[in-house]
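Peer 1:
Numbering (full-length UniProt numbering), first residue to last: 1 to 51.
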């Protein structure tokens, strides 16, 4: 399930960085210092393998 606005706002820092994924390739990266970054892998949305 994709992170909702309230889930993203209420995310708490942990000892290590962690991800809240949206299931479509993007994710919210939560840093130990409380910083939050939306990330998308460079290959998100591309076709993999043969075909």
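Quick reminder that beta carbons are idealized off the backbone N, C-alpha and C, glycines included.
Please go through the same chain and pick out, in chain order, the residues whose beta-carbon is closer than 7 Å to the beta-carbon of residue 4, but skip the five residues on each side of it.
Peer 2: The residue you call residue 4 lines up with position 4 of the chain shown. Correct list: empty, nothing qualifies.
Peer 1: Of the choices 42, 30, 40, 43, whose alpha-carbon is the least far from that of residue 15?
Peer 2: Taking the chain shown and counting its residues from 1, the one referred to as residue 15 is at position 15. The shortest C-alpha separation from residue 15 is found at 30.
Peer 1: Can you list, in chain order, the residues of its chain whose CB lies under 6 Å from that of residue 39, leaving out five sequence neighbours each side?
Peer 2: Counting from one through the chain shown, the residue named residue 39 turns up at place 39. If we look at residue 39 and ignore the five residues flanking it on each side, its Cβ neighbours are 27, 29.
Peer 1: Tell me the DSSP secondary structure of residue 4 in three-state form.
Peer 2: As a working mapping, residue 4 is identified with position 4 in the chain shown. DSSP places residue 4 in coil when its eight states are reduced to three.
Peer 1: With a Cβ-Cβ cutoff of 8 Å, do residue 41 and residue 25 count as a contact?
Peer 2: For this step, residue 41 is matched to residue 41 along the chain shown. For this step, residue 25 is matched to residue 25 along the chain shown. Yes, they are a contact pair.
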